[in-house]
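One structure is given here, and the rest of the page talks about it.
In UniProt numbering, the protein residues as written are 1 to 216.
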């Protein structure tokens with residue numbers, strides 16, 4: 001496995017499926033001179049391939065991606081490179097999203113509604129080895145982050161599958177997207193429904209809406 005060298009010390013990977021978001025954030029970072037090189041990826045799969053090929057000082061990752069989600073991407077990247085620093089930049093400000101991202105290994109979390117100076121500060125702080133939570137999600141410290149008590153029992157992978165089931169995705173599609181067997185995906189579904197005392201997809205949807213991880 002390649003290791004971070006001085007040449008990679010300020011190399012950054014920006015993962016977002018919207019080109020205009022990548023372009024805007026790239027310009028912001030270049031103007032602030034926080035990094036030497038910025039590479040881009042439009043999907044989680046592409047991000048995983050790039051991270052497998054080379055180390056990055058920082059990965060800035062959206063959670064809403066086509067194909068595998070940002071949370072699944074984070075889990076895979078950190079599984080391959082446990083020391084990889086990842087900053088999540090998402091439209092989601094629900095405590096459930098924040099805590100699951102941190103549980104999966106994210107070193108920071110900011111929302112896309114953050115001011116430019118907050119985004120630059122987040123990148124700088126995480127690059128320097130610190131944890132950073134933006135003001136939109138950190139109301140007085142990490143201890144105030146209280147996700148829905150039911151969802152708190154789910155692992156990041158279970159949370160990912162829960163969201164997909166709540167949105168009405170079929171088990172076969174979930175299995176194909178996450179590159180797991182149908183049986184494994186079905187077993188996850190059974191475990192999730194047991195943990196959440198949910199009897200149907202409608203029950204899962206109501207839980208997701210209540211927790212703020214899915215719109216009504």
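All residues carry an ideal CB built from backbone N, CA and C; glycine is no exception.
Below 6 Å CB to CB, which residues in the same chain sit around residue 212 once its five sequence neighbours on both sides are set aside? 94, listed in sequence order.
Suppose contacts are defined by Cβ-Cβ distances below 8 Å. Is residue 115 in contact with residue 87 by that definition? no
Boundaries (first-last residue) of the alpha helix (DSSP H) holding residue 34: Per DSSP, residue 34 is not a residue of any alpha helix (DSSP H), being assigned neither H nor E.
Which residue wins for smallest C-alpha separation from residue 90, given the options 190, 25, 189? Among 190, 25, 189, the Cα nearest to that of residue 90 belongs to 25.
Looking at residue 207: is its Cβ nearer than 8 Å to the Cβ of residue 158? no
Quick check on residue 120: does DSSP put it in helix, strand or coil? In the structure shown, residue 120 sits in a helix (DSSP, three-state: H, G or I).
Candidates 55, 56, 62: which alpha carbon is nearest residue 19's? 62
Beta carbon of residue 125, beta carbon of residue 57: below 8 Å? no
Using DSSP bridges, identify the partner residues of residue 58. 12
Since residue 111 is in the beta strand (DSSP E), which residue starts that stretch and which ends it? 108-111
Nearest CA to the CA of residue 78: which residue from 168, 44, 96? 44
Would you tell me roughly how many angstroms separate the C-alpha atoms of residue 101 and residue 133, rounded to the nearest one? Each residue's Cα considered, the two are about 11 Å apart.
Pull up the distance between the alpha-carbon of residue 104 and that of residue 31, whole angstroms please. 31 Å
Cβ neighbours of residue 222 in the same chain (closer than 8 Å, five flanking residues each side left out): The requested residue 222 is not part of the displayed model; the chain covers only 1 to 216.
Considering only residues of the same chain and omitting the five flanking positions on each side of residue 171, which have a CB-CB separation below 7 Å? So the qualifying residues of the chain are 182, 185, 186, 189.
Can you check the stretch 44-107 for any alpha helix (DSSP H) of at least 4 residues that lies completely inside it and give the ranges in chain order? 44-53, 70-80, 95-103
What first and last residue would you give for the alpha helix (DSSP H) that runs through residue 170? Note, residue 170: premise wrong, no alpha helix (DSSP H); not H, not E.
For residue 133, which three-state DSSP category applies? strand
Since residue 152 is in the alpha helix (DSSP H), which residue starts that stretch and which ends it? Run containing residue 152: none; DSSP gives neither H nor E here.
Selected residue, minimal CA-CA separation from residue 85, among 92, 73, 50, 60: Measuring C-alpha to C-alpha distances from residue 85 to each of 92, 73, 50, 60 identifies 60 as the nearest.
From residue 15 to residue 164, what distance separates their C-alpha atoms? Spanning the alpha carbons of residue 15 and residue 164 requires a straight line of approximately 21 Å.
Apart from the five residues on each side of it in sequence, which residues of its chain come closer than 6 Å, Cβ to Cβ, to residue 214? 166, 208
Sequence-distant residues of the same chain with beta carbon closer than 6 Å to residue 70, five excluded per side: 61, 62, 63
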